[in-house]
Each structure stands twice: as structure tokens, then as C-alpha cells.
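**Q**
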Amino acid sequence: MKRPTILVLGAGYGGLTTAVNLQKMVSGEEAEIILVNKNDYHYETTWLHEVGAGTIAPDAARYPIAKVINNNVRFVQASVEGIDVNERKVQTTAGEMTYDYLVLGLGFEGETFGIPGLDKYALSLANLNAARQIREHIEYQFASWSLDEVKDDSKLTIIVGGAGFTGIELLGELGNRVPELCKEFDIPQEKVRVLCVEAAPMVLPGFDPTLVEYAKTQLSKKGIEFSIGTPVVEATEEGVKIKKGEDEFEFVKAGTVIWAAGVRGNKLVETSGIESNRARIAVRKDMRAPGFDDVFVVGDCAFLLNEEAGRPYPPTAQIAMQQAVTIARNIKHLMNDEDTEEFVYDDKGAVCSLGHDDAIADAVGRKMAGKKASALKKIVDNRALYLVGGVGLTVKKGKFKFI
Ligand SMILES: Cc1cc2nc3c(=O)[nH]c(=O)nc-3n(C[C@H](O)[C@H](O)[C@H](O)COP(=O)(O)OP(=O)(O)OC[C@H]3O[C@@H](n4cnc5c(N)ncnc54)[C@H](O)[C@@H]3O)c2cc1C
Numbered sequence: 001m002k003r004p005t006i007l008v009l010g011a012g013y014g015g016l017t018t019a020v021n022l023q024k025m026v027s028g029e030e031a032e033i034i035l036v037n038k039n040d041y042h043y044e045t046t047w048l049h050e051v052g053a054g055t056i057a058p059d060a061a062r063y064p065i066a067k068v069i070n071n072n073v074r075f076v077q078a079s080v081e082g083i084d085v086n087e088r089k090v091q092t093t094a095g096e097m098t099y100d101y102l103v104l105g106l107g108f109e110g111e112t113f114g115i116p117g118l119d120k121y122a123l124s125l126a127n128l129n130a131a132r133q134i135r136e137h138i139e140y141q142f143a144s145w146s147l148d149e150v151k152d153d154s155k156l157t158i159i160v161g162g163a164g165f166t167g168i169e170l171l172g173e174l175g176n177r178v179p180e181l182c183k184e185f186d187i188p189q190e191k192v193r194v195l196c197v198e199a200a201p202m203v204l205p206g207f208d209p210t211l212v213e214y215a216k217t218q219l220s221k222k223g224i225e226f227s228i229g230t231p232v233v234e235a236t237e238e239g240v241k242i243k244k245g246e247d248e249f250e251f252v253k254a255g256t257v258i259w260a261a262g263v264r265g266n267k268l269v270e271t272s273g274i275e276s277n278r279a280r281i282a283v284r285k286d287m288r289a290p291g292f293d294d295v296f297v298v299g300d301c302a303f304l305l306n307e308e309a310g311r312p313y314p315p316t317a318q319i320a321m322q323q324a325v326t327i328a329r330n331i332k333h334l335m336n337d338e339d340t341e342e343f344v345y346d347d348k349g350a351v352c353s354l355g356h357d358d359a360i361a362d363a364v365g366r367k368m369a370g371k372k373a374s375a376l377k378k379i380v381d382n383r384a385l386y387l388v389g390g391v392g393l394t395v396k397k398g399k400f401k402f403i
């Protein structure tokens with residue numbers, strides 16, 4: 001009998017965890033496992049706000065894929081360019097590939113909701129290089145302000161669109177980074193403005209209100225301004241236009257605009273032949289795509305309803321890594337002609353950092369804020385490393401400065 005080919009697209013939390021679990025369960029004789037990823041490294045998407053603000057180096061947030069896969073997995077560094085699930089074919093920059101089982105884990109893209117100018121003028125935390133670009137853009141603005149003979153202080157204004165999880169984590173890092181930058185570039189701190197603009201009437205929807213209040217207070221102490229319930233309606237080269245009231249608009253000039261207000265699945269999903277909404281596929285209970293028994297979807301490309309709450313689970317690394325374990329097991333089940341298992345989410349809660357030294361947490365049955373929550377965040381980050389690469393990777397890349 002032909003050895004089946006298992007093709008895993010994307011080496012993010014979902015794809016890499018699937019590959020790492022498969023390599024423990026399926027030998028090279030039983031199946032060919034191919035992992036395709038744009039880069040030869042995995043980056044910790046959940047650390048990108050730190051790279052973007054410049055509080056950690058880009059290299060700290062990545063590690064070589066080769067370090068965590070064994071000989072059972074063939075890694076191909078290539079960009080996926082097209083997926084056709086009806087023909088069981090995937091087009092990549094390394095050529096066309098076919099499969100018996102496909103795992104689609106190509107992650108997220110920023111959602112700009114059709115707001116004019118955002119695609120062109122706003123930066124985003126879409127991947128490691130995009131985060132690096134934010135860091136360098138901010139530094140460039142600070143450096144050129146210092147050189148300018150006629151100074152335009154709006155160069156030192158940073159606008160963050162979105163007060164959800166990603167926006168708040170980024171603001172926390174910026175709150176710590178701005179004083180460092182000011183020292184580095186000899187800029188009086190009062191010249192710098194960091195403004196968070198959010199369309200919804202609240203910050204961090206879904207989080208406990210007391211913790212949200214704590215987060216807002218802490219960020220305000222670091223000089224972060226909030227404009228809540230005021231949607232961005234346009235971005236230009238100069239800044240953003242904000243809707244302040246029925247017929248009231250304000251244009252805020254800014255040297256840096258970062259859009260962190262929503263994600264969708266990878267656009268390749270939309271032309272794959274599987275039905276999707278905002279490039280997210282409503283998966284069946286065993287994580288397979290509707291109508292395609294040989295296609296699994298993991299992470300931010302998957303849409304899964306929390307039936308109890310009547311709304312979808314938010315796309316997180318936590319759920320992506322758990323889905324990956326079920327997917328690996330289900331592929332093994334299918335290879336053995338066994339029934340597949342249902343994915344059951346074990347929600348461990350959420351921890352939102354407010355810089356490296358502060359956080360809020362509603363996790364492991366407790367609500368916490370401050371240093372304890374911040375220590376928990378580092379434990380969560382280290383756990384993700386441990387689950388993929390064991391003790392060695394955790395020791396090498398982990399975060400151990402708890403105070
Ligand atoms: C700043 C930030 C902070 C976050 N914090 C948290 C948190 O604290 N906790 C939490 O649980 N979640 C958090 N999230 C969400 C979490 O990071 C995502 O839900 C998670 O990364 C999804 O995993 P994934 O495998 O679907 O995608 P990703 O981890 O994004 O991986 C996708 C992979 O696919 C690759 N890829 C993409 N396109 C192609 C292509 N065309 N060809 C080849 N390869 C490609 C990418 O290079 C990448 O390796 C955060 C997200 C951000 C941006």
C-alpha cells in the first residue's frame with residue numbers, strides 16, 4: 001500500500017505543534033510528513049508586540065524549525081501560493097505538492113474592515129518582519145526628529161488602532177520603551193504622544209471590568225492616551241481621521257500608525273475551494289473542513305463555535321496548540337481506519353501583559369494583576385516553548401526574569 005503523504009502548511013503554533021506531535025506518533029515508514037513554511041524559523045506570534053515596540057530583539061522571538069523536528073518530518077522552506085482541495089494540490093514556490101492528508105495552518109492577516117488608507121499607511125504586527133519594521137520605523141522617526149532643524153513633533157506621535165488584546169499588549173511595551181527611546185535620542189518625553197484609538201465603547205472586551213480598569217490606569221500612568229468609542233475612518237500618509245461624534249471628526253497627525261484592531265484568516269483560504277467567512281473555515285468537531293475528509297484546519301484559519309457561550313472561540317495560540325494535538329491524533333486514527341476524536345477545548349484563561357513587568361490575568365480560576373500576573377505570563381510563554389521543543393528549547397529561548 002502507498003505510504004500516505006501528510007502535508008502541513010505553516011509552522012506557526014498550530015502547524016508546528018501538529019508536526020511535532022505527528023513525528024512522535026507516525027514513523028517515516030508509515031507516512032511521509034512534509035512541513036511547509038515561508039521561513040526556516042518559527043516565530044512566537046504572541047511575542048510580536050515586544051519585537052514591534054523594541055523591548056526584545058527579533059531574534060529572541062524565533063528559533064530554527066530544524067531544532068524541533070526529527071527525521072520523520074521533511075521540512076520545505078517555501079511560500080504557499082495556492083491551495084486546491086478538489087484536486088488535492090498545493091502550489092508553492094518550491095513546486096506543486098500533493099497530499100493524502102492536509103493540515104492548513106497558515107495563520108492570520110490583519111483585518112482593516114475596508115477603512116480607506118489603512119492597508120497602505122498603517123503598520124501591523126502580522127509577522128516577525130512586520131514587527132521588526134514597526135520597531136525600525138519608530139526609531140527612524142525619533143532619529144529624524146532629532147536631526148530636523150524645523151521640528152514637527154507629530155513625528156513622535158504613535159497611534160495604535162485597537163484596544164483589544166494585541167493593542168493593549170503593544171501599548172504596555174510602548175509605555176516602557178518610549179522613556180528608553182527618549183533617553184537614547186535626547187528627546188524630551190513630553191514631546192512624545194502614544195494614543196490608542198478604539199471604535200468599540202470599551203477596552204479589552206471580555207475581560208473582567210476590574211482588571212480592565214487596572215490595565216487602563218497602569219497604561220495611563222505610563223503616558224498612554226485613550227480615545228474610546230471613536231472609530232478611525234481613514235488613514236493617510238500624515239495620520240488618521242477619527243470620528244468623534246455624529247458629524248464631528250478629528251485628524252491626528254502621527255509619524256507612526258499601527259493597526260491592531262482585528263484579524264482574519266490567511267487569504268489563501270478563500271481560493272482553496274472550501275467555504276469560509278473572513279478566510280476562516282467553520283470546522284467540524286474533529287477539526288476537519290466541511291465536505292473534505294482529508295483536510296484539517298488549525299489555528300487562526302479555523303472557526304469553532306463555543307456552543308455554551310453561543311459565540312466563536314477567539315483565535316489564540318492556546319486553542320491552536322490544543323487543536324494541533326487532536327489533529328495529529330485524528331490523522332493517526334484515519335491511517336488506522338479508526339473513528340476520529342472530537343476536539344474539546346480546555347480553556348486555561350487569558351493573561352494580558354502590560355509591559356514585561358506588569359499584566360492582568362483571568363486564568364487558572366483566579367483573577368490577578370501586577371507582578372504575579374506578569375510572572376504567570378512568562379510561565380505561559382515558556383510553556384508554549386516547552387510543548388514544542390522540550391526543556392532544551394525552553395532553557396535557550398525562555399523568559400526567566402520574573403521580577
Ligand atoms: C501581538 C500578539 C499577541 C498575542 N498574544 C496572545 C496570547 O497572549 N495568547 C494567545 O493564546 N494568543 C495570542 N495571540 C494570538 C496568537 O498568536 C494566534 O492566535 C496564533 O499565532 C495562531 O496560530 P497559527 O498557527 O494559526 O498562526 P501563526 O502562529 O501566525 O503561524 C502561521 C505560520 O504560517 C506561515 N505562513 C503564513 N503564510 C504562509 C505562506 N503563504 N506560505 C508559507 N507559510 C506561511 C507563517 O510564516 C507562520 O509561521 C497574539 C497575537 C498577536 C499578534
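In the UniProt record's numbering, the protein residues as written are 1 to 403. For each residue, glycine too, the CB sits at the ideal point set by N, CA and C.
Tell me Y41's beta-bridge partners as DSSP assigns them.
**A** In the sequence shown, counting from the first residue as 1, residue 41 sits at position 41. Partner(s): P64.
**Q** Answer yes or no: do V73 and Q23 have a C-beta to C-beta separation smaller than 9 Å?
**A** Position 73 of the sequence shown, counting from 1, holds the residue named residue 73. Position 23 of the sequence shown, counting from 1, holds the residue named residue 23. For V73 and Q23, yes; Cβs fall inside 9 Å.
**Q** DSSP three-state call for E338: helix, strand or coil?
**A** In the sequence shown, residue 338 corresponds to position 338, counting from 1. Correct three-state label for E338: coil.
**Q** Which two residues bound the contiguous beta strand (DSSP E) that contains L352?
**A** Here residue 352 corresponds to residue number 352 of the sequence shown, with the count starting at 1. It is worth fixing the name first, because residue 352 is Cys in this sequence and not Leu. Start and end: 349-353.
**Q** Can you give the Cα-Cα distance for L211 and K378, rounded to whole angstroms?
**A** By 1-based counting over the sequence shown, the position of residue 211 is 211. By 1-based counting over the sequence shown, the position of residue 378 is 378. Computed Cα separation, rounded: 18 Å.
**Q** Reducing DSSP to helix, strand and coil, say where Y313 ends up.
**A** What you label residue 313 is simply residue 313 of the sequence shown in a count that begins at 1. Of the three classes helix, strand and coil, the one that applies to Y313 here is coil, per DSSP.
**Q** What does the alpha-carbon distance come out to for the pair L118 and V197?
**A** Reading the sequence shown from its first residue, position 118 is the one you call residue 118. Reading the sequence shown from its first residue, position 197 is the one you call residue 197. When rounded, the distance between both Cα atoms is 14 Å.
**Q** With H, G and I counted as helix, E and B as strand and the rest as coil, what does DSSP make of R264?
**A** What you label residue 264 is simply residue 264 of the sequence shown in a count that begins at 1. R264 falls in the strand class under three-state DSSP.
**Q** Looking at ligand 1, does it come within less than 8 Å of T55, judged from the CB to the closest heavy atom?
**A** Numbered from its first residue, the sequence shown carries residue 55 at position 55. No - ligand 1 has no heavy atom lying nearer than 8 Å to the Cβ of T55.
**Q** If you follow the beta strand (DSSP E) that E81 is in, where does it begin and where does it stop?
**A** In the sequence shown, the residue the question calls residue 81 occupies position 81. E81 -> beta strand (DSSP E) spans 80-84.
**Q** State buried or exposed for A94, treating a residue as buried only when at least 16 other CB atoms are found within 10 Å of its CB.
**A** Within the sequence shown, numbered from 1, the residue matching residue 94 stands at position 94. A94 is exposed by the Cβ-count criterion.
**Q** Regarding T316 and ligand 1, is the C-beta to nearest heavy atom distance less than 8 Å?
**A** For the purposes of this step, residue 316 is taken as the residue at position 316 of the sequence shown. T316: yes, Cβ under 8 Å from ligand 1.
**Q** What is the rounded straight-line gap between the Cα of Y63 and the Cα of A215?
**A** Residue mapping note: residue 63 aligns to position 63 of the sequence shown, counting from 1. Residue mapping note: residue 215 aligns to position 215 of the sequence shown, counting from 1. Straight-line Cα distance between these residues: approximately 31 Å.
**Q** Just list the alpha helix (DSSP H) runs in the segment 70-131, keeping only unbroken ones of 4 residues or longer that don't cross its boundaries, in chain order.
**A** Listed in chain order, the complete alpha helix (DSSP H) runs (minimum 4 residues) inside the segment 70-131 are 118-121.
**Q** May I ask you to report which of helix, strand or coil DSSP gives S146?
**A** Here residue 146 refers to the residue found at position 146 when the sequence shown is read from its first residue. S146 falls in the helix class under three-state DSSP.
**Q** What does the Cβ neighbour count give for D358, buried or exposed, with the cut at 16 atoms within 10 Å?
**A** Counting from one through the sequence shown, the residue named residue 358 turns up at place 358. Result: buried.
**Q** Would you tell me roughly how many angstroms separate the C-alpha atoms of K222 and C182, rounded to the nearest one?
**A** Stepping through the sequence shown from its first residue, residue 222 is reached at position 222. Stepping through the sequence shown from its first residue, residue 182 is reached at position 182. Those two C-alpha atoms are separated by around 13 Å.
**Q** Checking the sheet assignment: what are the DSSP bridge partners for residue 405?
**A** For the chain, the structure presents residues 1 to 403; residue 405 sits outside this window and is missing.
**Q** Quick check: what's the CA-CA separation for V192 versus P179?
**A** Within the sequence shown, residue 192 is the residue found at index 192, counting from 1. Within the sequence shown, residue 179 is the residue found at index 179, counting from 1. The alpha-carbon atoms of V192 and P179 are separated by roughly 9 Å.
**Q** Flag this pair as yes or no: are the beta carbons of residue 439 and T271 separated by less than 9 Å?
**A** Since the displayed the chain opens at 1 and closes at 403, residue 439 lies outside it and no answer follows.
**Q** What are the boundary residues of the alpha helix (DSSP H) that F301 is part of?
**A** Within the sequence shown, numbered from 1, the residue matching residue 301 stands at position 301. The sequence given here places Cys at residue 301; Phe does not occur at that position. Looking at the DSSP string, C301 is not in any alpha helix (DSSP H), and its letter there is neither H nor E.
**Q** Which residue spans inside the segment 193-279 form an unbroken beta strand (DSSP E) run of at least 3?
**A** Segments of the beta strand (DSSP E) lying fully in the segment 193-279: 193-198, 224-228, 232-235, 239-245, 248-253, 256-259, 263-265.
**Q** Grab the span of the beta strand (DSSP E) containing L376 for me, first residue to last.
**A** Translated into positions along the sequence shown, residue 376 becomes position 376. Segment 371-397 is the alpha helix (DSSP H) holding L376; no beta strand (DSSP E) there.
**Q** Pull up the distance between the alpha-carbon of A163 and that of V90, whole angstroms please.
**A** As a working note, residue 163 is residue 163 in the sequence shown. As a working note, residue 90 is residue 90 in the sequence shown. Distance between the alpha carbons of A163 and V90: 37 Å.
**Q** Which residues mark the beginning and the end of the alpha helix (DSSP H) in which G172 is found?
**A** Walking along the sequence shown from the start, residue 172 turns up at place 172. Run containing G172: 165-185, per the alpha helix (DSSP H) assignment.
**Q** Which partner residues of E32 appear in the DSSP bridge assignment?
**A** To locate residue 32, count along the sequence shown from 1; it is residue 32. DSSP, once it has assigned bridges, lists T5 as partnering E32.
**Q** Between T46, A373, V351, which has its C-alpha nearest N127's C-alpha?
**A** On the sequence shown, position 127 is the one that residue 127 refers to. Selected option, being the one with the closest Cα: T46.
**Q** Keeping to the same chain, check which residues put their C-beta closer than 7 Å to that of A143; ignore five residues upstream and five downstream.
**A** As a first step, residue 143 is located in the sequence shown; it is residue number 143 there, counting from the start. Correct list, in chain order: F185.
**Q** Can you find the residues in the same chain that come closer than 6 Å, C-beta to C-beta, to P116, ignoring five residues on each side of it along the sequence?
**A** The residue labelled residue 116 in the question sits at position 116 within the sequence shown. E234, listed in sequence order.
**Q** Straight-line CA distance for F251 to A282?
**A** Taking the first residue of the sequence shown as 1, we reach residue 251 at position 251. Taking the first residue of the sequence shown as 1, we reach residue 282 at position 282. Their backbone Cα atoms lie some 39 Å apart in a straight line.
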